[in-house]
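A quick write-up on the structure given underneath.
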Amino acid sequence: MKKFLAALAVVVGAMSLPLSGEARVMIQNKGSDTLVNVAQAWAEEYINIKSNVAVAVTGGGSGTGIAALINGTVDLANASRSIKDKEVKLAQKRGIEPVQHIVGYDALAVFIHKNNPVKSFSLQKLAEVYGEDGEINRWNQLGIEIPGCQSNKMILVSRQNNSGTYAYFRKAVLGKKRDYKLGTRDMHGSKDVVDLVEHTPCAIGYSGLAYATEHLKMACISSKEGEKCVNPSVASASDGSYPIARPLFMYTNGQPKGEIKAYLDWILSDVGQCIIKAKGYAPVRAVDCK
Amino acid sequence: MTGRAVNNTIQTDDSPDLDWYIDRIVQVLMFIGGISAIVLIIGIFIFVTREGISFIFNDLDFAEFFASPRWRPTSEWRATYGILALIVGTASITGLAMMIAIPFSLGSAIFISEFATGKYKEYLKVLVELLAAIPSVVWGFIGLTIMNPLIIQIFNVPVGLNVLNAGLILGLMAAPIITSIAEDALKAVPDGFREAAEAMGATKWQVIYKVVLPAAKNGLLGAVLLGVGRGFGETMAVLMASGHAINLPENIFDSVRALTATIAAELGETAVGSVHYQSLFTIGIFLFLITFMINLTADLVVRGVKKG
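Chains as they are written, first to last, in this note's numbering: chain B, 90 to 379; chain E, 540 to 847.
Encoded structure:
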């Protein structure tokens with residue numbers, strides 16, 4: 090049986106050699122659903138630049154991607170959160186050394202209904218709105234009235250509890266030792282958050298800037314009460330002034346070499362960064378795109 | 540062995556012919572078909588239990604699971620697995636749905652069975668069955684896009700995804716099922732009962748109220764229980780229309796979250812084998828037991844009428 094397989098491999102190898110001319114390289118790329126559209130766009134564009142390199146992109150979530158890197162089945166893992174200590178230890182046990190590369194930023198916008206007069210929120214206030222035992226439950230506690238929202242009750246819109254966006258917002262706004270209030274409407278996807286806030290005057294919600302529409306307002310966010318607030322935008326996310334922007338990562342096993350290094354370098358070049366910008370995420374530095 | 544006995548009386552030749560083999564094969568096929576439902580249900584139960592069992596023995600705190608509303612399986616510092624709010628959510632939606640569905644469906648079953656005649660009756664039956672064929676995601680979509688703004692406007696409440704919305708949708712979904720089983724139960728009442736009552740000078744309503752309904756009582760109760768089972772198990776429409784908020788509702792305008800919807804929303808992105816994954820399967824076991832009990836009760840109740 091083994092002999093037969095070896096013979097088969099030789100035959101297949103001999104057949105494919107004269108066809109491609111140079112060796113064809115396959116890069117396996119898997120992970121975060123936030124990044125999957127961008128990763129797909131990169132892969133599609135890269136084939137035009139280097140025809141002998143094919144990048145296979147699959148989603149499944151940050152955890153899935155990192156798990157695949159640890160198992161050695163992918164070359165590049167996409168993640169919208171940084172790798173956990175537990176995962177690093179597991180990787181080292183298997184002789185894998187995850188190296189982190191920031192490939193872009195995602196600003197989390199706080200959405201409110203377009204009739205809502207609120208302009209800005211500090212992170213402390215947001216924590217009182219969303220955090221367990223938080224004191225702000227009604228819009229009139231902030232001294233405002235919203236047309237169409239007589240009850241004044243805040244309708245908190247959130248995400249399902251295993252989404253990366255949910256976890257990042259909790260860490261960045263509520264801190265490590267605080268959970269969300271019970272009773273948030275937990276939507277299945279960023280688009281549902283946007284839809285519900287659009288149609289509900291009393292609502293407040295959060296999700297990636299890429300999902301913003303003209304039918305709702307985005308609050309200006311300050312990191313401390315009384316400080317100047319920053320509007321969410323691609324620019325404020327890349328220069329780091331917007332307080333709730335999360336980095337988007339790609340992980341490799343050890344320092345990248347060869348074709349993988351070439352691909353990562355291209356992603357971080359102006360061309361690659363213009364693609365991520367076109368998808369609504371922030372590039373790692375200011376780039377000039379046509 | 541009865542097949543062979545029959546053969547013996549008809550044929551003098553004892554050797555099995557083609558028909559005998561066909562008879563045997565069909566018998567085996569029918570037997571497989573007959574027990575497949577039982578095998579599948581046991582298989583499903585074993586699968587669900589196997590995935591959830593380690594949570595039940597290692598991590599489950601019964602008091603927390605059933606008495607705490609805090610469902611926070613992914614908390615960074617203290618994960619809690621309380622399903623009280625989810626149970627109350629499912630129960631409140633199903634309860635409201637039944638309050639809406641029972642009068643409507645029993646009314647329409649009585650109308651179809653006792654009043655409607657000829658073509659009219661056939662059309663109505665087909666329409667009711669058509670209503671039962673609408674996919675639940677379509678119902679959910681109606682709840683999300685049509686009922687949500689309507690409820691906000693009419694009742695002047697902050698959000699229209701709530702017990703009322705989900706209950707209405709679920710009531711409309713359960714009504715055709717209850718109607719069609721209740722109609723069967725009414726049809727099973729022998730015409731002699733009606734004729735006897737009419738001969739005694741009873742009006743149409745007196746016949747229905749005093750004779751037909753009491754005679755069909757168990758069948759009607761079975762129909763209602765199956766409707767309740769449908770309500771407990773429905774997922775997609777409830778996920779979309781209820782607001783999906785962990786909440787102990789104070790009135791019908793509060794958002795809630797159902798047991799089924801929680802599994803549907805969270806299972807897909809949960810690491811296989813994690814405590815969160817196992818806890819979702821434990822909810823599955825719980826749901827399985829509840830719907831099993833409801834359906835079993837309904838079945839026993841319906842069977843009761845046939846014996847008596």
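We treat Cβ as the ideally placed atom computed from N, Cα and C, and that holds for glycine.
Just so we're clear, the structure is a prediction, and the values are computed from it rather than from any experiment.
By the 10 Å Cβ neighbour count, where 16 or more other Cβ atoms means buried, how is residue i classified, buried or exposed?
i: Ala606 (chain E); result: exposed
i: Ser247 (chain B); result: buried
i: Asn695 (chain E); result: exposed
i: Trp616 (chain E); result: exposed
i: Asn597 (chain E); result: exposed
i: Arg183 (chain B); result: exposed
i: Gly110 (chain B); result: Residue placement at Gly110 (chain B) cannot be trusted, given a pLDDT of 48 that sits under 50; the coordinates are not used to answer.
i: Lys119 (chain B); result: buried
i: Ser818 (chain E); result: buried
i: Asn687 (chain E); result: buried
i: Arg267 (chain B); result: buried
i: Ala128 (chain B); result: buried
i: Phe586 (chain E); result: exposed
i: Gln239 (chain B); result: exposed
i: Leu337 (chain B); result: buried
i: Lys280 (chain B); result: exposed
At the level of alpha carbons, what is the spacing between residue i and residue j?
i: Ile592 (chain E); j: Glu234 (chain B); result: 51 Å
i: Leu826 (chain E); j: Thr629 (chain E); result: 10 Å
i: Ser322 (chain B); j: Ala648 (chain E); result: 59 Å
i: Trp610 (chain E); j: Pro674 (chain E); result: 29 Å
i: Gly772 (chain E); j: Thr799 (chain E); result: 7 Å
i: His277 (chain B); j: Gln249 (chain B); result: 6 Å
i: Met832 (chain E); j: Ile581 (chain E); result: 15 Å
i: Leu231 (chain B); j: Gly223 (chain B); result: 13 Å
i: Val114 (chain B); j: Lys173 (chain B); result: 30 Å
i: Ile651 (chain E); j: Lys756 (chain E); result: 17 Å
i: Tyr135 (chain B); j: Ser325 (chain B); result: 28 Å
i: Gln745 (chain E); j: Arg733 (chain E); result: 10 Å
i: Gly272 (chain B); j: Lys346 (chain B); result: 49 Å
i: Gly329 (chain B); j: Ala810 (chain E); result: 32 Å
i: Arg563 (chain E); j: Thr836 (chain E); result: 36 Å
i: Ile691 (chain E); j: Tyr300 (chain B); result: 25 Å
i: Ile514 (chain E); j: Leu709 (chain E); result: The requested residue 514 (chain E) is not part of the displayed model; chain E covers only 540 to 847.
i: Ala576 (chain E); j: Arg259 (chain B); result: 46 Å
i: Leu707 (chain E); j: Ala776 (chain E); result: 11 Å
i: Tyr269 (chain B); j: Tyr219 (chain B); result: 6 Å
i: Asp275 (chain B); j: Gly657 (chain E); result: 50 Å
i: Tyr257 (chain B); j: Leu298 (chain B); result: 14 Å
i: Leu179 (chain B); j: Val125 (chain B); result: 25 Å
Can you pull the DSSP bridge partners for residue i?
i: Asn118 (chain B); result: B:Val146, B:Leu165
i: Ser575 (chain E); result: DSSP output for Ser575 (chain E) lists no bridge partner at all.
i: Met307 (chain B); result: B:Phe200
i: Met686 (chain E); result: According to DSSP, Met686 (chain E) bridges with nothing at all.
i: His277 (chain B); result: His277 (chain B) is not bridged to any residue.
i: Trp610 (chain E); result: E:Tyr620
i: Thr341 (chain B); result: B:Val188
i: Arg267 (chain B); result: DSSP lists no partner for Arg267 (chain B).
i: Ile293 (chain B); result: B:Ile201, B:Leu245
i: Asp195 (chain B); result: B:Arg335
i: Val319 (chain B); result: B:Ile310
Considering only the alpha carbon of each residue, which of the options lies closest to residue i?
i: Ala735 (chain E); options: E:Val677, E:Lys749, E:Lys726, E:Asp723; result: E:Lys749
i: Ala636 (chain E); options: E:Asp600, E:Val751, E:Gly770, E:Ile693; result: E:Gly770
i: Asp164 (chain B); options: B:Val144, B:Ser171, B:Gly152; result: B:Val144
i: Met779 (chain E); options: E:Leu568, E:Phe650, E:Ala705; result: E:Ala705
i: Tyr331 (chain B); options: B:Tyr340, B:Ile310, B:Lys350; result: B:Ile310
i: Tyr816 (chain E); options: E:Trp559, E:Glu590, E:Leu579, E:Ile564; result: E:Glu590
i: Ala375 (chain B); options: B:Leu271, B:Ser327, B:Pro345, B:Ala157; result: B:Ser327
i: Asp723 (chain E); options: E:Leu752, E:Val698, E:Met712, E:Phe831; result: E:Leu752
i: Ile293 (chain B); options: B:Ser312, B:Val207, B:Ser171; result: B:Val207
i: Leu305 (chain B); options: B:Asn251, B:Ala130, B:Pro290; result: B:Pro290
i: Gly646 (chain E); options: E:Leu759, E:Gly782, E:Thr588; result: E:Leu759
i: His202 (chain B); options: B:Lys175, B:Ile244, B:Arg170; result: B:Ile244
i: Tyr340 (chain B); options: B:Val188, B:Gly161, B:Gly148; result: B:Val188
i: Ala721 (chain E); options: E:Leu557, E:Tyr560, E:Val841; result: E:Val841
i: Gly699 (chain E); options: B:Asn226, B:His288, B:Lys313; result: B:His288
i: Val677 (chain E); options: E:Ile829, E:Val627, E:Ile595, E:Met712; result: E:Met712
Report whether the distance from the Cβ of residue i to the nearest heavy atom of the ligand GTP is below 7 Å.
i: Leu798 (chain E); result: As for the ligand GTP, it is missing from this structure, which has no ligand bound.
Problem set entry | Three or more C-beta pairs below 8 Å linking the region 711-726 of chain E and the region 750-767 of chain E | yes
For this session: Please confirm if the region 608-625 of chain E is in contact with the region 736-755 of chain E, defined as three or more CB-CB distances below 8 Å between the two stretches.
Result: no
Exercise. Using 8 Å as the threshold, is the region 781-795 of chain E in touch with the region 563-576 of chain E, meaning 3 or more CB pairs across them?
Worked result: Not touching, per the Cβ criterion.
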